[in-house]
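Accompanying notes for the structure given below.
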Amino acid sequence: MPRYELIKDEIGSIAKYVPGKSIEDIVKTYGLEPSSVIKLGSNENPLGPSPKAVEALIENAQGISIYPSADARELVDAISEYTDIPAANIVASGPGMDGLLDGMARLVITNGDEVVITTPTFSYYEIAARANGATTVYVQREKDFSINVDKLLAALTPNTKMIFLCSPNNPTGNVIPEEDILKIATATDALVFVDEAYVEFAEKNVAHLVTQHDNIIVGRTFSKAFGLAGIRMGYGIMPEWLREEYMKIATPFNVSTAAMAAGIAALSDTEHLNKSIELAVKGKKFLQEKLPFKVYDTQANFVLVDVAPHKARDVTNELLKKGIIVRDCTSFAHAGLSLIRVTIGTQEQNEKVVKAFSDI
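Counted from 1, the sequence shown has number 120 at position 120 by UniProt numbering; the numbering is strictly sequential.
Below you can see the structure in the form of structure tokens.
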């Protein structure tokens, strides 16, 4: 038997996840100095991690020969205090929130099931679902990237197992009103997964709904506002009944000792978190006022720019030559050909971005 025949049929038609460009890629391709490259394509925190998190990481490095707690209880307790949600409703996940997505898909999806995805949005929902045998059903967002709830409900069938909602949405930055999430959750027995990766930058969150509705899950990450993308850590907030089932299939020891220590420290550093949020708020206003293209409003740490009549691919390539990495959104389903996602950087970085766009 040829080796490739060992691979599940579902995997063959899945497109690879397309990450943002790395600094190393651009330096090698265009012969630039690494220090001159601005990376604003992956929505990382331009202030970096909390100094307290770095200190905790170093202090706990000596303990990496010992397995951490299997359920990351210390981190879960810290998350519980941060969110004001009982620990019985929380699971820690690694790597990042992606680990939570994989776990939930493995828990509930079998061949023949359907998942509903509102596009354009984060593409990994599709990968996690299809790898476990699901059929993906797309509900395209409106022109302003809001969700037409009636259209979404019309897409549900008895085979629908999960509905993925990203709020604030990646790559558009808009939030889904709580009443819309409630309307969806009460109209179905399917699990409603609300991705709140960028929630620290938003005006509201829906974590409290988890203790009121037994089919709502909220996923979060330490990669964005907390600046810990490199240690790949996230968490889920879910009903108690679902947490009990999830822990049966969760990968044991999936959050390292050092990562837990860094996460706990980051949660305690409200000063650094507030600075990160303030930077995004000020930077958003600057980019909205200064960029010479249409800029959508956002409640995340990035802005979505429509460079029509130019093509996003052409503009991003020109920016790469100048050492500025942004995200061409062409790979996002139903995003069209002219949208670019730009992470909000420092004031100096934002000014360079505005000049580069203006030159184009």
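C-beta atoms are modelled at their ideal positions from N, C-alpha and C, and glycine is treated no differently.
- Taking 8 angstroms as the cut-off, the Cβ atoms of Met-260 and Pro-68 count as close.
- Contact between the region 230 to 248 and the region 276 to 284 is not established, with fewer than three Cβ pairs separated by less than 8 angstroms.
- Secondary structure at Leu-165: strand, using DSSP grouped into helix, strand and coil.
- Counting along the chain, no beta strand (DSSP E) covers Val-326, and no H or E run does either.
- Between Leu-57 and Gln-349 the beta-carbon gap is near 25 angstroms, outside 8 angstroms, which marks them as no contact.
- In the structure shown, Phe-201 falls within a helical segment according to DSSP collapsed to helix, strand and coil.
- Residue state for Ile-109 is assigned as coil, using DSSP reduced to three classes.
- For Phe-286, the enclosing alpha helix (DSSP H) begins and ends at 270 to 290.
- Secondary structure of Ser-93 (DSSP, three-state): strand.
- Exclusion of the five residues before and after Thr-172 leaves Phe-145 and Leu-304 as the residues of its chain whose Cβ lies within less than 6 angstroms of its Cβ.
- Boundaries of the alpha helix (DSSP H) around Arg-130: 124 to 131.
- Fewer than three pairs of CB atoms, one per stretch, sit closer than 8 angstroms, so the region 99 to 108 makes no contact with the region 147 to 154.
- DSSP links Gln-349 through a beta bridge to no other residue.
- Between Val-175 and Gln-299, the CB-CB gap stays under 8 angstroms.
- Here the alpha carbon of His-272 sits roughly 45 angstroms from the alpha carbon of Asn-111.
- For Ser-268, same chain residues with a beta-carbon under 6 angstroms away, outside a window of 5 residues either side, do not exist.
- Per the coordinates, the alpha-carbon of Gly-99 lies some 10 angstroms from the alpha-carbon of Val-255.
- With fewer than 16 other Cβ atoms from the protein chains shown falling within 10 Å of its own Cβ, Arg-73 counts as exposed.
- Contact annotation: the region 71 to 89 does not touch the region 221 to 231, with fewer than three C-beta pairs closer than 8 angstroms.
- Comparing alpha-carbon positions, the option among Tyr-246, Tyr-82, Ala-335 and Ser-65 lying closest to Ile-217 turns out to be Tyr-246.
- In this structure, Ile-264 sits away from Glu-318, with a CB-CB distance that is not shorter than 8 angstroms.
- Ranking Arg-130, Thr-316 and Gln-347 by CA distance to the CA of Asp-328 puts Thr-316 first.
- A distance below 8 angstroms separates the beta carbons of Ile-181 and Leu-209.
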